[in-house]
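Structure first, then comments.
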Amino acid sequence: MHRSQVLVRERSCWRKRGGTGPGGRGHGHVRARCTHVCVVGGGYTGVSAALEPAARGYAVTLLEAQRIGWGASGRNGGQVIVGFGSDGEAAIEKQFSREDARRAWEVSVEGLRLLRERIVGHAIDCDWQDGYLSLSVKPAKSRALRAWMDHVMQVYGYPLQWIEGSDIGCWLASGRFDSGAFDAGSGHLHPLKYCLGLAAAARAAGVRVHENSAVQMVERGSRPVVRTMQGEVHCDFVLLAGNVYLAEYGDDVAPEVSSRIMPVGTYMIATEPMGRDRADALIQSRAAASDTNFVLDYIRLSTDDRLLFGSGDSYSAKTPRNLIDKIRGSMLGVFPQLADLRIEHAWGGFVDITMNKAPDFGRLHPNIYYYLQGFSGHGVAMAGMAGKLAAEAIAGQVERFDLFARLRHRAFPGGALLRTPAPVLGML
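Heads up, the sequence shown is in our numbering, so the first residue is 66 and it goes up one at a time.
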């Protein structure tokens, strides 16, 4: 998969709606530089991993192959969700003690708080809206959702609200769903504006951001050297935050970890604005929502009253045929009353998943070479915490970073080309 390969022609609602601000500008090509910390990647993970050490007084340089927010951070649905991927809690509980599993969960809850604090503290205009709904589509899914909700409330003390099928209509105007669980602590935002706002905050904290500066090689040692086509960065610490695009950097960067994540294509459409009254009648709470199917649909309203609808995750590097028509068909299966609305935007991109859906953090060289990846659909909040934990580790406070570094992760089969086709589904 080449970084120039974008799923769906660039018609992103996010870039059309204010996602081109000054947070995405940087210092141009790197020549030669000495710094404390070099961060590779300019999405949520990388920008957070740069902002946190800079706030602690470290000199930080960030290298981005394209532009800030070019990848998943500027293309995702904007859902800010507590916890981990679909099986992430189970994987963590299987490997950890009850106490350590609770510590990991609290990190995810702190991620929600940290995101809100950053929005307020850095005055990031990113269209925040409260609330998240998990919805089941049939009785068996409803029982599984209720069991998960009860478990989270009992084991982790996290508040959730059960919604019976007869009450679903009070939350959203659809007859598709059997029941739901409401999370008042999660929410949704404009993902690209948030990423650009973080980048602006990082630059204000002294981070030197270099866009169009793809990393070619990392020379390991007591003082690593990160090389690009234009120059090099000598540093004390390297933080790898390329996530799904890490494999593209080749065998001279981090071949040990790229096999532990797989790119998954995800797609969205946005309708034309429908007006405030109609939007409020459609999703009364204005919460984001998704069903609990393996290939899920995810739903939300924008602040200008469009319906944003995501569907059709793909385990192939190719964009499915007739994609917009298929997603529109899924949307009308949930909201048939929207048949009159035009589809004004359609876009897609890749997110990274791990085999067990839990995040994958670790070191490739003692105390100097950190990687942060595998957020499995929960990266908007958790990526911010990844950066914070890495900054703690650099400062000598390793406990929380090492908690996640203890998680064992299996590699996906085959090389880079074999990590995308459907046969991998049998292992998930």
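Where a beta carbon is used, it is the ideal one built from N, C-alpha and C, also for glycine.
Proximity of residue i and residue j at Cβ, strictly below 9 Å
i: Leu254; j: Ile326; result: no
i: His226; j: Ala212; result: First, the amino acid is wrong: residue 226 is Gln here, not His. No.
i: Asp417; j: Ala137; result: yes
i: Ala352; j: Asp232; result: no
i: Gly427; j: Ala476; result: no
i: Met339; j: Leu406; result: yes
i: Leu263; j: Tyr109; result: yes
i: Asp362; j: Val329; result: no
i: Ser376; j: Ile392; result: yes
i: Leu305; j: Asp243; result: no
i: Leu437; j: Ala115; result: no
i: Arg465; j: Leu472; result: no
i: Lys206; j: Asn358; result: yes
i: Gly250; j: Pro224; result: yes
i: Cys260; j: Ile133; result: yes
i: Pro256; j: Gly413; result: no
i: Gln144; j: Ser355; result: yes
i: Val291; j: Val280; result: yes
i: His419; j: Gly150; result: Here residue 419 is Thr; the residue named in the question, His, does not match the sequence. Yes, they are a contact pair.
i: Val303; j: Tyr221; result: no
i: Ile189; j: His443; result: no
i: Thr100; j: His410; result: no
i: Trp236; j: Ser350; result: yes
i: Trp170; j: Gly186; result: no
i: Gly452; j: Val217; result: no
i: Leu128; j: Val104; result: yes
i: Val463; j: Gln295; result: no
i: Phe415; j: Tyr310; result: yes
In DSSP terms, what residue i is bridged to
i: Ile18; result: The requested residue 18 does not occur in the structure, where the chain is confined to residues 66 to 493.
i: Gly340; result: Answer is none; Gly340 lacks a bridge partner.
i: Met420; result: Per DSSP, none; premise fails for Met420.
i: Val430; result: The residue asked about is misnamed: residue 430 is His in this sequence, not Val. Note: His430 sits in a beta bridge opposite Tyr434.
i: Gln144; result: His253
i: Ala354; result: Leu198 and Ile364
i: Val463; result: Answer by DSSP bridge pairing: none, since Val463 is not bridged.
i: Val348; result: Rather than Val, the amino acid found at residue 348 in this sequence is Ile. For Ile348, which the question treats as bridged, DSSP gives the partners Leu237.
Spatial distance of residue i from residue j (CA atoms)
i: Thr126; j: His430; result: 19 Å
i: Thr293; j: Gln131; result: 13 Å
i: Ser324; j: Arg163; result: 29 Å
i: Pro87; j: Thr336; result: The predicted model places Pro87 with a pLDDT of 47, which falls under 50 and marks its position as unreliable; any figure quoted below should be read in that light. So the alpha carbons of these two residues sit roughly 27 Å apart.
i: Ala166; j: Leu372; result: 36 Å
i: Asp316; j: Asn141; result: 28 Å
i: Gly122; j: Arg268; result: 13 Å
i: Leu198; j: Asp345; result: 16 Å
i: Val174; j: Met450; result: 10 Å
i: Ala119; j: Glu321; result: 28 Å
i: Gln219; j: Asp467; result: 26 Å
i: Val283; j: Glu297; result: 9 Å
i: Val202; j: Arg285; result: 50 Å
i: Arg181; j: Gly271; result: 22 Å
i: Ala423; j: Glu229; result: 29 Å
i: Glu457; j: Thr331; result: 32 Å
Backbone secondary structure at residue i - three-state DSSP
i: Phe469; result: helix
i: Ile392; result: helix
i: Gln402; result: helix
i: Trp227; result: strand
i: His101; result: strand
i: Gly89; result: Confidence at Gly89 is low in this model, with a pLDDT of 42, below 50, so the placement of that residue should be treated as unreliable; the coordinate-derived value is given next. Correct three-state label for Gly89: helix.
i: Leu366; result: strand
i: Gln219; result: helix
i: Tyr109; result: helix
i: Gly196; result: strand
i: Ala124; result: coil
i: Val360; result: coil
i: Asp425; result: strand
i: Val329; result: strand
i: Asp190; result: coil
i: Pro204; result: helix
i: Trp170; result: helix
i: Ile184; result: helix
i: Gly134; result: coil
i: Val445; result: helix
i: Glu321; result: helix
i: Arg178; result: helix
Ranges of the alpha helix (DSSP H) found wholly within the stretch 236-318, counting only runs of at least 4: 256-269
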